[in-house]
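Below: the structure, in structure tokens.
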Amino acid sequence: MLKNTLLFTDALKATGPKAFSVMIKPAGSNCNLKCTYCYYLEKHKLYSSKAVPRMSMELLEKFTKEYIEGQDIPEVTFVWQGGEPALMGIDFYKKAVEFQKKYADGKVIQNSFQTNGTLLTDQWCEFLAENKMLVGISIDGPEHCHNKHRMTVSNGTTFETVMKGIRLLQKHKVEFNTLTTVNSYNVDYPKEIYRFLKSIGSMFMQFLPVVERIDPNAGNNDLALVAPEADNAMVTEWSVSPLGYGKFLNTIFDEWVRNDVGRYYVQIFDATLANTVGVQPGLCTLGETCGHALAIEHNGDVYSCDHFVFPEYLMGNINDKPLIEIVADQRQFDFGVAKRNSLPRQCLMCDVRHLCHGECPKHRIIETDKGEKGLNYLCEGLMLYFKHTEPYMKYMAKELENRRPPANVMNWIKNRERQVVNPFITPNRNDICPCGNGKKFKNCCGKNFH
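The sequence shown begins at 16 in my numbering and counts up one residue at a time.
Printed below as a string of structure tokens:
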């Protein structure tokens, strides 16, 4: 057994507040778009009913009550996704808010609404603003990047419709962030994408790598996109390349760390800094374990994770078993700690393990040089990213340790690069040291200057 392997019996002895999240899919996989790379669109094959998937009011109320009661924390967030959650209509969410107030029991309730943005109207935005819902907009960058894969069911483009939705959100002062998939096409345009997202008012950005495998022998009623343990599957043509993904992140990081720290937030950068400091990263893919973010389908089926909606990862149905019992089931615990316990030796010996933790188990589809299974498909790119950002992350971590803003890294970089440009210019003794720590040169690097 590996050193520090987590066991279910050990976890039961742990103390602390209970907290988990459930991604709610009230319309199942139903969507008004047909994005090429969507991993969820085909999940309708898991259900035999020909009816359009819609969560009932009875199930919504039951879930709301059990979800709030199961949280041992003062603030509870409901995460709505799909498919396209807006297909449920505004009245569904008015009822959801009503149920949340009914069962809040003194807790603060927040709502996060992930949408493709094409169905937003003034009425929708008024509702979102009134209820202070945080909106996530799925947008893959400027027009040529976005329209490459994000199409309507009739193969029409969607960029202009999404931009109209964003303008409506801004009109009604609805807070929004962006989720951008990184695929085989837009991976070549990192700087253009980053600047575009800033230009449309996105202050918080997520970059989600597209890594999917397809079973070439799947039948019409089978899931074509397979789980990581499946054999004889091929990486799809729209998946991002490992090295391409690493270069994409590094290019954006280089611009962000020089100009935008403290002004714009990139989820993976924040999570990397958190791991550097030694606190929870807030991003499950970079956590040591996972399993605290499940998914619920329109009919009450609960799966281990939004990216593991496969029959073998069905944990139960809340019509048959209370939600908290499903969440606390040993199978779900085993799923979460497998992220740590199943790391191949190459990962265990890796000097960036504390930053990466093997990334998402869904992407662990290749073998190590020694032939051991379970290496992350993105390993090469992730290694490139973590190595490249390490000195900057360490500087920001030190600033945080000394109760100074991480944004100081921008001046530190400017001073370092100025020294490189003018290597023969020596500061005066009483000048601020160019290393960026705020001390005078004579009390800092000047001590060692000859």
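By construction, the Cβ of each residue, glycine as well, lies at the ideal position given by its N, Cα and C atoms.
All of these numbers come straight from a predicted model, not from anything done at the bench.
Check, Outcome
"Three-state secondary structure (DSSP) of M220", "strand"
"Distance, N430 Cα to N445 Cα", "16 angstroms"
"Completely contained alpha helix (DSSP H) runs for the segment 126-212, where each covers 4 or more residues", "137-145, 158-164 and 174-186"
"Distance CB(Q138)-CB(Q96) smaller than 8 angstroms", "no"
"Between the CA atoms of K80 and K110 - distance to the nearest angstrom", "13 angstroms"
"Where T24 falls: helix, strand or coil (DSSP)", "Unreliable placement is indicated for T24, whose pLDDT of 42 sits below 50; no coordinate value is reported for it."
"Within the segment 300-327, ranges of the beta strand (DSSP E) (whole runs, at least 3 residues)", "308-311 and 316-318"
"Distance between beta carbons of T133 and T176, contact taken as under 8 angstroms", "5 angstroms"
"Extent of the continuous beta strand (DSSP E) to which L390 belongs", "K388 to L390"
"Environment of N458 [buried if 16+ CB atoms lie within 10 Å]", "exposed"
"N-terminal and C-terminal residue of the beta strand (DSSP E) that L329 is part of", "L329 to N332"
"Segment contact, 8 angstroms Cβ cut-off, at least three pairs: the segment 329-349 with the segment 306-316", "yes"
"When E270, K186, P68 and S169 are compared against G50, the one with the closest alpha-carbon", "The question names Gly, but residue 50 is Cys in the sequence shown. With distances taken between Cα atoms, C50 lies closest to S169."
"Cβ shell of C326 (< 8 angstroms), same chain only, five flanking positions each side left out", "Contrary to the premise, residue 326 reads as Pro rather than Cys in this sequence. Hits under 8 angstroms: L61."
"At least three beta-carbon pairs within less than 8 angstroms, the segment 252-271 to the segment 291-305", "no"
"Contact belief for P421 with G306 at Cβ below 8 angstroms, rounded distance in angstroms", "The Cβ separation is near 30 angstroms, so there is no contact."
"First through last residue of the alpha helix (DSSP H) which encompasses I283", "Q282 to V292"
"Cβ pair N192, F219 closer than 8 angstroms", "yes"
"First and last residue of the uninterrupted alpha helix (DSSP H) at M103", "Segment: none, M103 is in no alpha helix (DSSP H) and carries neither H nor E."
"Sequence-distant residues of its chain with Cβ nearer than 6 angstroms to P376 (five each side left out)", "K354"
"Local conformation of F35 per DSSP, three classes", "coil"
"Three-state class that DSSP yields for R433 in the structure shown", "helix"
"Assigned exposure category for V424 - 16 Cβ within 10 Å defines buried", "buried"
"Proximity of L370 and N290 at Cβ, strictly below 8 angstroms", "yes"
"T92 - partner residues in DSSP beta bridges", "Q125"
"Assumed close pair M38, A308 - CB separation to whole angstroms, cut-off 8 angstroms", "7 angstroms"
"Among D203, H187 and Y55, nearest to E227 - alpha-carbon criterion", "Y55"
"Straight-line Cα distance separating Q221 from I83", "27 angstroms"
"Backbone secondary structure at I48 - three-state DSSP", "According to the sequence provided, residue 48 is Leu. The question's Ile does not apply to it. It is a strand residue."
"Pairwise C-alpha distance: W253 and K186", "35 angstroms"
"Helix, strand or coil at R228 [DSSP, three-state]", "strand"
"Within 8 angstroms, strictly: CB atoms of R360 and E387", "yes"
"Bounding residues of the alpha helix (DSSP H) (the contiguous stretch that carries C394)", "C394 to E416"
"Rounded distance between the beta-carbons of D246 and A239, thought under 8 angstroms", "About 15 angstroms; that fails the 8 angstroms criterion."
"Extent of the continuous alpha helix (DSSP H) to which W271 belongs", "P257 to N274"
"Residue closest to K77, alpha-carbon to alpha-carbon, out of G121, E113 and T266", "E113"
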